[in-house]
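Below is one structure, written out as structure tokens, with a few remarks after it.
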Amino acid sequence: MSDASDMTTAEMTDRYLLGNYGRFPVAFERGEGGYIWDESGKRYLDFGTGIAVCSLGHSPKVMQTALTEQGGKLIHCSNLYQIRVQAELARFVSETIMQRSGKTFFCNSGAEANDALIKLARKRAFDKYGRESGKNEIVTCRQSFHGRTLGGIAATGQEKVKVGFDPLLPGFFHTPFNDCEALREAVDDKTAGILFEPVQGEGGIVPVTPEFMAVAAELREKYDLLLMFDEVQCGAGRTGDWCGWRTIQRGSGVEVEPDVVSWAKGFGGGVPVGAIWADDDCAGALGPGTHGSTFGGTPLVSAVSLAVLEEIENKNVLENVTRQADRIREVVDSWNLAPALELRGVGLMLGFVLDPDAFDHGDKTAALSVVSKAMEAGMLTVPAGDCVVRWLPRLDVPDAEVNEALETFHNVLKSVTK
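Shown next, in the form of structure tokens:
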């Protein structure tokens, strides 16, 4: 075995890890609050937060305490047994997040959560209508992203994630996002469920329209299917509400509630947790033996996730999300810089839409070029496709960090302006 002390992190990464990630040339060592430091000691303002994962920033005290206390009692317990803190987390989901009666299943990631949604929709249709009905199709949207499992890429409406993985899981149909008539044409008696993100993340930070949600709900009633919302990235408070779709519907006159919801990312603040909630009317479709997870909802993960969500609730963090989003928009509206065409999104899930013809980005995409320059300037952001840069700060981000982000990013855009 070679001596690791003689190798850099980059050398070890290249030698021992699969090359399935296009990694930036930086290795991080520690984080605190809204900042993260690399191995050389350089500090970065983190407005990517692990792609909307670190809801309360890096290593918040509430997570440290929960990890220490639960870690000293019980770390893992099989789901063959009852786990009180898991049930307490599920209670928080129903009573605080959803404010409706229903049941929760815990897993480890957003991809697993979405696989569970798909299985539930198909099993529910199978139980109710039988195999002969052929009612097993799932309608999703173009430019969506639902994970990288075989089920997730089949559901995802982007061809680039599917190449090389044939044969794909059958029974998925992709319709244009926010096209009401196209959705009506895509759904029929064989449809078991409609699945979409209230805010498309990887697809470019594009919110759903209330009208599209209303049509989906209309089709649910007409064809007796499940309406399923993927809130993996936009949920758990990121839009200023516990549920992203409620933020979008506010003031529209539309009031649509889903049958099933998936979460992950910020739901645990940094620990690996995914979850689905199902309305009582359909939750019974996944009975004993139909689905499971060895590590889903362990005592340790459940305790930390519950601590994070309770902190968001008790410290009025959701109000901060709305306030900071308003502050950001007010400042950005005054910039008038050619590379930035539009700021779209909801709450603190924001996307700067770039004009690739307005600046020289070399052989990189416009988004990757700006993200790289922001990193050089000490600020972490995340691309969303070729022409959108995401801001995903911690939900409790203070004024000082928002001000720093606005100044840094403004300078970056100004530096690339022709």
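Our numbering applies: residue 11 is where the sequence shown begins, and numbers increase by one.
Glycine residues also receive a C-beta, built at the ideal position from the N, C-alpha and C atoms.
Cβ-based neighbour list, A313, same chain, cut-off 7 Å, excluding 5 preceding and 5 following: Residue mapping note: residue 313 aligns to position 303 of the sequence shown, counting from 1. If we look at A313 and ignore the five residues flanking it on each side, its Cβ neighbours are A76, Q80, V95.
Spatial neighbours of E147 within its chain, please: C-beta separation below 7 Å, excluding the five flanking residues on both sides. For the purposes of this step, residue 147 is identified with residue 137 of the sequence shown, where counting begins at 1. Here the set comprises G181, F183, K200, T201, A202.
Rounded to a whole number of angstroms, what is the C-alpha to C-alpha distance between F305 and L90? Taking the first residue of the sequence shown as 1, we reach residue 305 at position 295. Taking the first residue of the sequence shown as 1, we reach residue 90 at position 80. Each residue's alpha carbon lies about 11 Å from the other.
With DSSP run on the structure shown, which of helix, strand or coil describes A288? For the purposes of this step, residue 288 is taken as residue 278 along the sequence shown, with counting starting at 1. Three-state result, A288: strand.
Enumerate in chain order the residues of its own chain whose CB-to-CB distance from V264 is below 8 Å, with the five nearest sequence positions on each side excluded. In the sequence shown, residue 264 corresponds to position 254, counting from 1. Once the five neighbours on either side are set aside, the close Cβ partners of V264 are P220, E221, M223, A224.
V426, DSSP secondary structure in three states: What you label residue 426 is simply residue 416 of the sequence shown in a count that begins at 1. Looking at V426 - three-state DSSP - the assignment turns out to be helix.
Note down, one range per segment and in chain order, each beta strand (DSSP E) of at least 3 residues found wholly within the stretch 123-167. 147-151
What three-state label does DSSP hand A202 in the structure shown? On the sequence shown, position 192 is the one that residue 202 refers to. Strand.
Leaving out five residues before and five after L55 in sequence, what residues of the same chain have Cβ atoms less than 8 Å from its Cβ? The count along the sequence shown starts at 1 and reaches residue 55 at position 45. Here the set comprises G44, Y45, G388, M389, L390, E411, E414, A415, T418.
Can you list, in chain order, the residues of its chain with a C-beta nearer than 7 Å to that of A164? Leave out the 5 residues immediately preceding and following it. As a position in the sequence shown, residue 164 is number 154, starting the count at 1. Hits under 7 Å: L178, L179, F182.
If distances are taken between C-alpha atoms only, which option among E340, L364, P282, L378 comes closest to L351? In the sequence shown, the residue the question calls residue 351 occupies position 341. Comparing Cα-Cα distances from L351 to each of E340, L364, P282, L378, the minimum goes to L364.
With a 10 Å radius around its C-beta and 16 neighbouring C-beta atoms as the bar for buried, classify K138 as buried or exposed. Here residue 138 refers to the residue found at position 128 when the sequence shown is read from its first residue. Exposed, since its Cβ has fewer than 16 Cβ neighbours within 10 Å.
Three-state secondary structure (DSSP) at E42? Here residue 42 refers to the residue found at position 32 of the sequence shown. Note: E42 maps to strand in three-state DSSP.
Taking the beta strand (DSSP E) that F183 falls in, what are its first and last residues? The residue labelled residue 183 in the question sits at position 173 within the sequence shown. Where F183 is concerned, the enclosing beta strand (DSSP E) stretches over 182-185.
S382, enclosing alpha helix (DSSP H) - first and last residue: Residue numbering aside, residue 382 sits at position 372 when the sequence shown is read from its first letter. Its alpha helix (DSSP H) spans residues 376-386.
May I ask you to report which of helix, strand or coil DSSP gives H420? Stepping through the sequence shown from its first residue, residue 420 is reached at position 410. If DSSP states are grouped into helix, strand and coil, H420 belongs with the helices.
Is the Cβ-Cβ distance between F34 and A285 less than 7 Å? As a position in the sequence shown, residue 34 is number 24, starting the count at 1. As a position in the sequence shown, residue 285 is number 275, starting the count at 1. No, the Cβ-Cβ distance between F34 and A285 is not below 7 Å.
Residue range of the beta strand (DSSP E) that D56 falls in? Along the sequence shown, read from residue 1 onward, the residue named residue 56 stands at position 46. Here the beta strand (DSSP E) through D56 covers 53-56.
Only counting runs of 4 or more residues, tell me where the alpha helix (DSSP H) segments fall wholly within the stretch 58-111, in order along the chain. 59-62, 71-81, 94-102
Backbone secondary structure at M223 - three-state DSSP: Taking the sequence shown and counting its residues from 1, the one referred to as residue 223 is at position 213. Note: M223 maps to helix in three-state DSSP.
Given E195 as reference, the closest of G213, G162, Y233 once Cα atoms are compared: Position 185 of the sequence shown, counted from the start, is the residue given in the question as residue 195. When each option's Cα is compared against that of E195, the closest is Y233.
CB contact flag (A37, E21, <7 Å): Translated into the one-based positions of the sequence shown, residue 37 becomes position 27. Translated into the one-based positions of the sequence shown, residue 21 becomes position 11. Contact: no.
Enumerate in chain order the residues of its own chain whose CB-to-CB distance from W216 is below 6 Å, with the five nearest sequence positions on each side excluded. The residue you call residue 216 lines up with position 206 of the sequence shown. The question names Trp, but residue 216 is Val in the sequence shown. These residues qualify, in order along the chain: Q210.
Within the stretch 322-403, ranges of the beta strand (DSSP E) (whole runs, at least 3 residues): 350-356, 359-364, 398-401
Apply the 10 Å Cβ neighbour rule to F175 and answer buried if 16 or more other Cβ atoms are within range, or exposed otherwise. The sequence position of residue 175 within the sequence shown is 165, counting from 1. With fewer than 16 Cβ atoms within 10 Å of its Cβ, F175 is classed as exposed.
C-alpha gap between E105 and T375, whole angstroms: Within the sequence shown, the letter at position 95 stands for residue 105. Within the sequence shown, the letter at position 365 stands for residue 375. For E105 and T375, the distance between alpha carbons rounds to 44 Å.
Pull up the distance between the alpha-carbon of V242 and that of G120, whole angstroms please. Position 232 of the sequence shown, counted from the first residue, corresponds to residue 242. Position 110 of the sequence shown, counted from the first residue, corresponds to residue 120. One C-alpha to the other measures close to 6 Å.
Span of the alpha helix (DSSP H), counted from its first residue to its last, around M22: Position 12 of the sequence shown holds residue 22. Residues 19-26.
Return helix, strand or coil for K113, following the three-state DSSP convention. In the sequence shown, residue 113 corresponds to position 103, counting from 1. In this structure, K113 counts as strand in the three-state DSSP scheme.
Please check the pair G214 and G361, which I expect to be a contact at CB under 8 Å, by giving their CB distance rounded to whole angstroms. Start at 1 with the first residue of the sequence shown, and residue 214 comes out as number 204. Start at 1 with the first residue of the sequence shown, and residue 361 comes out as number 351. About 6 Å separates the two Cβ atoms, so the contact holds.
Could you tell me if Q92 is buried or exposed, where buried requires 16 or more neighbouring beta carbons within 10 angstroms of its beta carbon? Here residue 92 corresponds to residue number 82 of the sequence shown, with the count starting at 1. That one is exposed.
Start-to-end residues for the beta strand (DSSP E) that takes in L236: Residue numbering aside, residue 236 sits at position 226 when the sequence shown is read from its first letter. Start and end: 236-240.
With a threshold of 6 Å on Cβ separation, who are the neighbours of I230 within its own chain once the five nearest residues in sequence on each side are excluded? For the purposes of this step, residue 230 is identified with residue 220 of the sequence shown, where counting begins at 1. The amino acid occupying residue 230 in the given sequence is Arg; Ile does not appear at that position. Contacts found: L237.
Less than 6 Å between C-beta atoms, sequence neighbours within five positions excluded: which residues of the same chain meet that for A307? Here residue 307 refers to the residue found at position 297 when the sequence shown is read from its first residue. The sequence as given places Gly at residue 307; Ala does not occur at that position. So the list reads Q96, F116, once near-sequence residues are dropped.
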